[in-house]
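Below is one structure; the comments refer to it alone.
There are 4 protein chains.
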Amino acid sequence: MSKSRAEAFSDGVFAVAATLLVFSIPVPDVHASLGPALVAQWPSYAAYVISFMTILVIWLNHHATIDAIRSLDRPLLLLNGLVLMTVAVIPFPTGLVARYLEVGHDQALAAFAYGLTMSGMALAFTLMNSYAKARHLFTTPFSLLGFSTGMLAYPLGTVIALFNYQLALAVYAATAVFYMVLPLLRERRMRQSR
Amino acid sequence: MSKSRAEAFSDGVFAVAATLLVFSIPVPDVHASLGPALVAQWPSYAAYVISFMTILVIWLNHHATIDAIRSLDRPLLLLNGLVLMTVAVIPFPTGLVARYLEVGHDQALAAFAYGLTMSGMALAFTLMNSYAKARHLFTTPFSLLGFSTGMLAYPLGTVIALFNYQLALAVYAATAVFYMVLPLLRERRMRQSR
Amino acid sequence: MSKSRAEAFSDGVFAVAATLLVFSIPVPDVHASLGPALVAQWPSYAAYVISFMTILVIWLNHHATIDAIRSLDRPLLLLNGLVLMTVAVIPFPTGLVARYLEVGHDQALAAFAYGLTMSGMALAFTLMNSYAKARHLFTTPFSLLGFSTGMLAYPLGTVIALFNYQLALAVYAATAVFYMVLPLLRERRMRQSR
Amino acid sequence: MSKSRAEAFSDGVFAVAATLLVFSIPVPDVHASLGPALVAQWPSYAAYVISFMTILVIWLNHHATIDAIRSLDRPLLLLNGLVLMTVAVIPFPTGLVARYLEVGHDQALAAFAYGLTMSGMALAFTLMNSYAKARHLFTTPFSLLGFSTGMLAYPLGTVIALFNYQLALAVYAATAVFYMVLPLLRERRMRQSR
Numbered sequence: 024m025s026k027s028r029a030e031a032f033s034d035g036v037f038a039v040a041a042t043l044l045v046f047s048i049p050v051p052d053v054h055a056s057l058g059p060a061l062v063a064q065w066p067s068y069a070a071y072v073i074s075f076m077t078i079l080v081i082w083l084n085h086h087a088t089i090d091a092i093r094s095l096d097r098p099l100l101l102l103n104g105l106v107l108m109t110v111a112v113i114p115f116p117t118g119l120v121a122r123y124l125e126v127g128h129d130q131a132l133a134a135f136a137y138g139l140t141m142s143g144m145a146l147a148f149t150l151m152n153s154y155a156k157a158r159h160l161f162t163t164p165f166s167l168l169g170f171s172t173g174m175l176a177y178p179l180g181t182v183i184a185l186f187n188y189q190l191a192l193a194v195y196a197a198t199a200v201f202y203m204v205l206p207l208l209r210e211r212r213m214r215q216s217r
Numbered sequence: 024m025s026k027s028r029a030e031a032f033s034d035g036v037f038a039v040a041a042t043l044l045v046f047s048i049p050v051p052d053v054h055a056s057l058g059p060a061l062v063a064q065w066p067s068y069a070a071y072v073i074s075f076m077t078i079l080v081i082w083l084n085h086h087a088t089i090d091a092i093r094s095l096d097r098p099l100l101l102l103n104g105l106v107l108m109t110v111a112v113i114p115f116p117t118g119l120v121a122r123y124l125e126v127g128h129d130q131a132l133a134a135f136a137y138g139l140t141m142s143g144m145a146l147a148f149t150l151m152n153s154y155a156k157a158r159h160l161f162t163t164p165f166s167l168l169g170f171s172t173g174m175l176a177y178p179l180g181t182v183i184a185l186f187n188y189q190l191a192l193a194v195y196a197a198t199a200v201f202y203m204v205l206p207l208l209r210e211r212r213m214r215q216s217r
Numbered sequence: 024m025s026k027s028r029a030e031a032f033s034d035g036v037f038a039v040a041a042t043l044l045v046f047s048i049p050v051p052d053v054h055a056s057l058g059p060a061l062v063a064q065w066p067s068y069a070a071y072v073i074s075f076m077t078i079l080v081i082w083l084n085h086h087a088t089i090d091a092i093r094s095l096d097r098p099l100l101l102l103n104g105l106v107l108m109t110v111a112v113i114p115f116p117t118g119l120v121a122r123y124l125e126v127g128h129d130q131a132l133a134a135f136a137y138g139l140t141m142s143g144m145a146l147a148f149t150l151m152n153s154y155a156k157a158r159h160l161f162t163t164p165f166s167l168l169g170f171s172t173g174m175l176a177y178p179l180g181t182v183i184a185l186f187n188y189q190l191a192l193a194v195y196a197a198t199a200v201f202y203m204v205l206p207l208l209r210e211r212r213m214r215q216s217r
Numbered sequence: 024m025s026k027s028r029a030e031a032f033s034d035g036v037f038a039v040a041a042t043l044l045v046f047s048i049p050v051p052d053v054h055a056s057l058g059p060a061l062v063a064q065w066p067s068y069a070a071y072v073i074s075f076m077t078i079l080v081i082w083l084n085h086h087a088t089i090d091a092i093r094s095l096d097r098p099l100l101l102l103n104g105l106v107l108m109t110v111a112v113i114p115f116p117t118g119l120v121a122r123y124l125e126v127g128h129d130q131a132l133a134a135f136a137y138g139l140t141m142s143g144m145a146l147a148f149t150l151m152n153s154y155a156k157a158r159h160l161f162t163t164p165f166s167l168l169g170f171s172t173g174m175l176a177y178p179l180g181t182v183i184a185l186f187n188y189q190l191a192l193a194v195y196a197a198t199a200v201f202y203m204v205l206p207l208l209r210e211r212r213m214r215q216s217r
C-alpha cells in the first residue's frame with residue numbers, strides 16, 4: 024500500500040477525533056444561569072485541552088514513525104488500524120472525565136478509564152513501532168526510547184488514578200507536554216553539538 | 024475523474040464514519056454509579072471494536088480495488104458512492120446493537136439490522152468490482168474470490184441473527200478478522216513459493 | 024491559491040457533511056418495541072438516501088467545475104466557501120424532513136425548508152460557475168446548462184412543497200437521479216457519435 | 024515535517040469544525056408547531072453563518088501563512104496545533120450564542136464567551152506568525168498588518184459584549200467580512216498600479 028493513502032486515512036481519523044472532542048464541552052442547560060454553569064464545567068475545558076494536546080502529540084509521533092518507515096506491509100497496516108481504533112475512542116474517556124469531575128463523584132474511575140484508554144493507545148503504538156523495527160522497515164535509526172515514556176507514564180497514571188485522580192490527570196497532561204518539549208530539547212542539543 | 028480526488032473523498036467518508044462510531048459508547052447517566060454502568064454497557068465496546076475493524080477492512084479492500092483500477096468512469100463513481108452510502112450508515116446499526124444488547128430486548132432485530140446493513144455494503148462492493156471487471160478496468164488480474172466471502176457471510180449472519188444473535192455477531196466479527204488475516208496468509212504463501 | 028488545497032478542504036466538508044447525515048437516523052427509544060419503531064422511522068432512511076445522493080452529486084459536479092477551472096482567485100474561493108456553507112447545513116433540513124414526516128405534522132414546512140436549503144446551494148453553485156465563466160477561468164468550454172436544472176428544479180420543488188410535500192420530495196430525489204444519469208447519457212451519445 | 028501532511032491535518036480540522044457547526048441548529052421539539060419554532064431559532068442560523076464565514080477566513084489566512092513559509096519546525100507545529108485547538112472549539116461558543124439568544128437571557132455572557140474564543144484564536148495565530156517572522160521562515164515579505172486586525176477586533180468585541188451583545192456580534196461578523204474583502208481590495212490596487 025502506498026504510504027500516502029494510509030497517511031490520508033490516519034490523518035482523517037486524527038483530525039476528526041480531535042475535533043469531536045468539542046462535544047465534551049456541553050452547552051449548559053438554559054434553565055439555569057449561564058455564568059455559574061460555565062464556571063462549574065471547568066473540567067470540560069481541562070479535559071478538552073489535555074486530550075487535544077495528546078492527540079496532537081500522537082499525530083506528530085505517528086507522522087515521525089510513518090516518515091521513517093520504508094513501506095507499510097499488511098501487518099503494519101493492521102497495527103496502524105489498532106492505533107487509530109484507540110485514538111478514535113479518546114472522546115469517550117474525555118467526556119467521562121469532563122462529566123464526572125463536574126458532578127463530583129466517581130472521579131477516580133473516570134480518570135482510571137482515561138488512563139486505560141491511553142495505555143491501550145501507547146501499547147498499540149509500541150506494537151506498531153516494535154514490529155517495524157523487528158522487520159527492519161525503518162530507513163533511519165529509530166529510537167524507541169521516546170515512545171517508552173508513554174508506555175510507562177500511562178499505566179502509571181492509570182494506577183495512580185485509583186488513589187489520587189488529580190495527580191493522575193496531572194500525569195496525563197505532563198506526558199503530552201513531555202512529548203511536545205522532548206523534540207525541542209533534542210533539536211537544541213543537536214544544534215549545540217554542531 | 025482523477026483517482027486521487029475520488030480516493031480523498033472516499034478516505035474522508037471512511038475516516039469520519041470510523042471516528043463517529045465513538046458515539047455508540049455513551050457517557051453513562053451521572054445519577055447512577057459509574058462502575059456498574061461502565062460494565063453494563065460492554066456491548067457498546069464490543070460493537071465499537073467490531074464496526075471499527077469492519078470499516079478498516081472495507082477501507083483496505085477499497086484501497087486494493089481502486090489501486091488495481093485504471094481509471095474511474097461515471098458509473099464506477101456512482102457505484103463507489105453507493106458503497107460509501109452503506110459505509111457512512113454503519114454508526115446507526117452499531118448504535119442499535121450497542122443499545123439493545125445493553126437493555127436486553129430486541130437483540131435479534133438489532134443484530135438483524137446490523138447484518139442487513141453489512142449485506143447491503145457487501146452487495147454495493149460486489150457491484151462495483153463486478154462492473155470494473157466487466158468493463159476490463161482492472162490493470163492486474165483481480166480475483167473477486169475474497170470479496171465473495173462477505174457476500175456470503177453477511178447475508179448468512181443476517182439470517183442467523185433471527186435465531187441466535189450472539190452467533191450472528193460472532194459471524195460479523197469473524198468476517199472482519201478473516202479479511203485481516205487472508206492477505207497475511209496469501210503473502211506468506213507467495214513468499215514460500217518464491 | 025493552489026487548487027489542491029481548496030479541493031482538500033472542499034472534499035473534507037463534502038465527506039463530513041455526507042457522513043453526518045447518519046445522525047438523522049436515530050436509535051429508537053429503548054422503552055418501546057424495536058420492530059415497529061424501525062418501521063415507523065422510514066422517513067429517516069428515505070431522507071438519508073436522498074441527501075446522501077444529493078451531496079454525492081454536488082461533489083461530482085463540484086469536482087467537474089474545479090477540474091475545468093484554470094486557477095482559483097479570491098472571489099472564486101469565497102463563492103466556493105458559500106457553496107460549502109450551504110452543503111454543510113444539509114444535515115439540518117434532512118433531520119427536519121426525517122423527524123416531521125415520522126411524527127406526521129408540519130411535513131410541508133419541513134419539505135419547504137429542505138427545498139430552500141437546496142435552492143440556496145444551487146444559487147451559490149450557479150454564482151460560482153457564472154463568475155468563473157465571466158472571468159474566463161474555464162480552460163474548456165463549460166456548459167452551464169446542466170447546472171441550470173438544479174436552479175429550476177429546487178425552487179420549483181420548494182414551491183410544490185407547500186401544496187404537496189410528497190411530490191416535492193420526489194422532485195428533490197429526481198433531481199439527484201437526473202444529475203447521476205445525465206453524464207451517463209452524454210457519454211453514451213459521445214461514444215455513439217464517434 | 025513535510026508541509027503537505029501538516030496541511031492535510033490542519034485542513035481536516037478546519038473542514039470538520041466548519042461542518043460540525045450544523046449541530047448549533049437543532050431540529051425543533053416535535054411537540055410544538057414547526058413554523059414559529061423555526062423562526063424563533065433565527066439566532067442559530069446567524070451564529071452558523073458568522074462562525075462558518077470565520078472558519079473559512081481563518082482557513083484562507085492559514086493557507087496564506089503556510090504557503091509563505093519555507094518549512095515547519097517543531098515549535099511552529101506546536102503553535103499550529105494551538106491554532107487548531109482554538110478553531111476546533113468554535114462550535115461550542117457558536118452553540119452558546121445560538122441557544123442563549125433564542126431563550127433570551129445571558130446573551131451578553133454568551134457573546135463574551137464567543138469573543139474570548141476568537142481572541143484566543145487570534146492570539147494563537149499571531150504567535151504562529153510572529154514566531155515564523157522572528158525565525159525568518161517566511162520566503163516572501165509577509166505583512167502581519169492584516170492579522171493585527173483580528174488581534175484588535177476580537178478583544179474589542181469581547182469587551183463590547185458585556186455592554187451591548189448585538190454590537191459585539193456585529194463586530195465578529197464584520198471582522199470575518201473584513202478578511203474576505205481585504206485581499207480583494209489589495210488585488211484591485213495591485214492590478215491598478217500595474
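Residue numbers (my numbering), protein chains in the order written: chain A, 24 to 217; chain B, 24 to 217; chain C, 24 to 217; chain D, 24 to 217.
Don't be surprised by glycine CBs; every beta carbon is placed ideally from N, CA and C.
In this structure, does DSSP put residue i in helix, strand or coil?
i        : result
Ile183/B : helix
Ile89/B  : helix
Give a yes or no on whether the C-beta atoms belonging to residue i and residue j are separated by under 7 Å.
i        : j        : result
Thr117/C : Ser47/C  : yes
Leu119/D : Val50/A  : yes
Val39/D  : Val39/C  : yes
Pro66/D  : Glu125/D : yes
Arg28/A  : His86/B  : yes
Round the Cβ separation of residue i and residue j to the nearest angstrom and send it over; I've been treating them as touching at under 8 Å.
i        : j        : result
Thr162/D : Ala70/D  : In fact, because the Cβ distance is near 38 Å, the residues do not count as touching under 8 Å.
Pro252/C : Arg97/B  : Outside the shown range of chain C (24 to 217) lies residue 252/C, about which nothing can therefore be said.
Leu102/B : Leu150/B : 5 Å
Val110/A : Ile81/A  : 6 Å
Val53/B  : Tyr123/A : 7 Å
Leu57/D  : Ala133/C : 7 Å
Met141/A : Tyr195/A : 6 Å
Ala155/B : Ala31/C  : Between Ala31/C and Ala155/B the Cβ distance is about 26 Å, and since that is not below 8 Å, they are no contact.
Leu83/C  : Leu100/B : 6 Å
Thr42/C  : Leu43/B  : 7 Å
Ile73/A  : Leu192/A : 7 Å
Span of the alpha helix (DSSP H) holding residue i?
i        : result
Arg28/A  : 26-43
Val120/A : 114-126
Thr149/A : 130-157
Gln189/B : 188-216
Leu101/D : 97-111
Ala57/D  : Checking the sequence shown, residue 57/D turns out to be Leu, not Ala. 57-63 is the extent of the alpha helix (DSSP H) around Leu57/D.
Using 10 angstroms around the beta-carbon of residue i, count the other beta-carbons present and answer buried if the total reaches 16, otherwise exposed.
i        : result
Gly180/C : buried
Leu190/C : exposed
Gln130/C : buried
Gly104/B : buried
Gly35/C  : buried
Met213/D : exposed
Gln127/B : Residue identity check: residue 127/B is Gly in the sequence provided, not Gln. Label assigned to Gly127/B: exposed.
Val106/A : buried
Phe75/B  : buried
Phe148/D : buried
Leu185/B : exposed
Ala157/B : exposed
Val204/A : exposed
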